[in-house]
Amino acid sequence: MRRNRLIPLVVFLFSYAFNTEGLCTEDRQPLAKWTCIFYLAGDNFLDWFTRQNLERMKQVGSSHDVRVIVLSDRTDKGGHLYEVRKGYLVDLPIEAVKPEWKNEELNTGDPETLSTFASWAVENLPAENYFILLGGYGEGWMGLQHDLDNGEGKVDILSIDELEEALTDITKSIKKTNGKDCVDILGLDACYMGMVEVLYQIGDRARYVIVSENEEALDGWPYDKVIGAFVKDPTRPAGELASSAVDAYIDPVQNEKAPKINTVYTASLIDTEGFKKLIPRLEALANELRDILPLEIKNILVVDRLTNTFTVSAHIAGRYVPYSVHYDLGEFLKAVTFTFNKHPSVCTTAEDVMEALAKAVVKERHQDLADRKLSLSGLTIYSMGAELEAYSKLPFSQKTGWNKFAEAKLKPLEKAMGKKE
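Last residue of the sequence shown? That's 526 in the working numbering, and every number before it is there in order.
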């Protein structure tokens, strides 16, 4: 959850709106430096904040080198397609993307909606680089982009499998346009998306990913400042531009102390090339921890108590979310090396994971707590929850066996904490 803080005519209108700035026409123009694609899921309790974000975006607008396009679904019927200009929004006919959308209720929880829009944007606003941002509610490994009305009056959510599916289609369009195999920067402006499990599935589809370990503000990231960095200097490397988005979110609250950990603002930038080295090491650690569990039940409880965690447990956009507890990965590894010092092999493996984690997370920023300085690493990993069976089906679980470690420690932990069978 988030916290407060007419086809021929269509073609003519679309062409008229875009041609003045040199966008895609029959005579293909040179590629812009960047196209920024925003996919905003506001058909829920974020409707007002989505409108405010659009207002902020037009304060900066776009430029010849930086195109900004938005698909926004709100609580009114249908969806809204905008090109962002300085001082105003060009309201484009949504059927320009897909004719059927003219009379349909959009569903941001449908991967086809995301892939259709973003692929259209890639092909019609060709660029050397692409930044795609998804803004909405998030549940970590369980999904994001909640829609209260999927067209049938039901709630839908974009699962991580569906996000992976959509990004796979989008990257095919990018490949045709500029020859690259992935999105340059992917921003997941939604709560709890900074999970190893999420990055494992989408890492091959993006070079850099911006995420948060914890809940986010209701208004999300400051889109004017995020876009502003691109417009100010579109020649900066993708990693630097992505890093500026982390700063834009945390800078305004850096000196404000959070009363408790679930109100801490967090943001991190993941280098997906570095991230790949993390997975085999986590697999090795999961196996070693599972092997020593029968002898170290009490120490596993100590590790849990020493590790900073974030908990997803709420009604989010009309959907009940079973509780899911996530370790901060770096803090978990520190607790493991401290607690299991009589197991040199476990400690060595945990240190190997730490080394890979440091290369995966190229930037991490967060608020401190009112009563203490907080240490976080930029990524979380599953600890326990009500949906262990569903978690066990994730590709990350299937690859690493982390679900087996989580399951193996669950009953002893419940027993140690006095939970009755």
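Even for Gly, the Cβ is constructed at its ideal location relative to N, Cα and C. It should be emphasised that the depicted structure is a prediction, and the values quoted were computed from it without experimental measurement.
Does DSSP put residue i in a helix, in a strand, or in coil?
| i | result |
| --- | --- |
| Y370 | coil |
| E126 | Because E126 sits at a pLDDT of 43, beneath the cut-off of 50, its placement in the model cannot be relied upon, and the following sentence gives the value as read from the coordinates. Coil. |
| W326 | coil |
| P216 | helix |
| N158 | helix |
| V260 | coil |
| F150 | coil |
| D266 | helix |
| R470 | strand |
For residue i, count the other beta carbons within 10 Å of its own beta carbon; 16 or more makes it buried, fewer makes it exposed. Which is it?
| i | result |
| --- | --- |
| N550 | The shown model of the chain, from 106 to 526, leaves out residue 550, and the question about it has no answer. |
| E160 | exposed |
| T442 | buried |
| Q306 | buried |
| E321 | buried |
| E436 | buried |
| H251 | buried |
| P364 | exposed |
| C129 | Caution is warranted here: a pLDDT of 41 is assigned to C129, below 50, making its placement in the model unreliable, and no coordinate value can be reported. |
| N404 | buried |
| E401 | buried |
| Y328 | buried |
Less than 8 Å between CB atoms is the rule here; does residue i satisfy it with respect to chain C?
| i | result |
| --- | --- |
| A295 | Reference to chain C is not applicable here, since this structure consists of a single protein chain. |
Would you mind stating whether residue i and residue j have Cβ atoms separated by less than 8 Å?
| i | j | result |
| --- | --- | --- |
| E267 | Y487 | no |
| R395 | V458 | no |
| C296 | G243 | yes |
| L293 | I315 | yes |
| S373 | L291 | no |
| D152 | R179 | yes |
| N319 | F415 | yes |
| A226 | I142 | yes |
Report the option in the options whose CA atom is closest to the CA atom of residue i.
| i | options | result |
| --- | --- | --- |
| I366 | S224, A475, L272 | A475 |
| E52 | T444, N413, S177, L211 | Outside the shown range of the chain, which is 106 to 526, sits residue 52, and nothing can be said about it. |
| L253 | L263, W246, G245 | L263 |
| K138 | V173, P327, C287, Q164 | V173 |
| L406 | K516, W326, T505, Q503 | K516 |
| D196 | E205, P204, K203, G184 | G184 |
| D261 | F510, A465, V426 | V426 |
| R477 | I199, V369, K285, R341 | V369 |
| K259 | C452, D376, N149 | N149 |
| L136 | P204, L390, G284 | G284 |
| R190 | K182, L493, E217, S167 | S167 |
| S418 | V408, S429, V466 | S429 |
Could you pull out every unbroken beta strand (DSSP E) segment of at least 3 residues lying fully inside the stretch 332-403, listed in chain order? 371-376
In chain order, what are the residue ranges of uninterrupted beta strand (DSSP E) at least 3 long that sit wholly in the stretch 181-215? 184-190, 193-197
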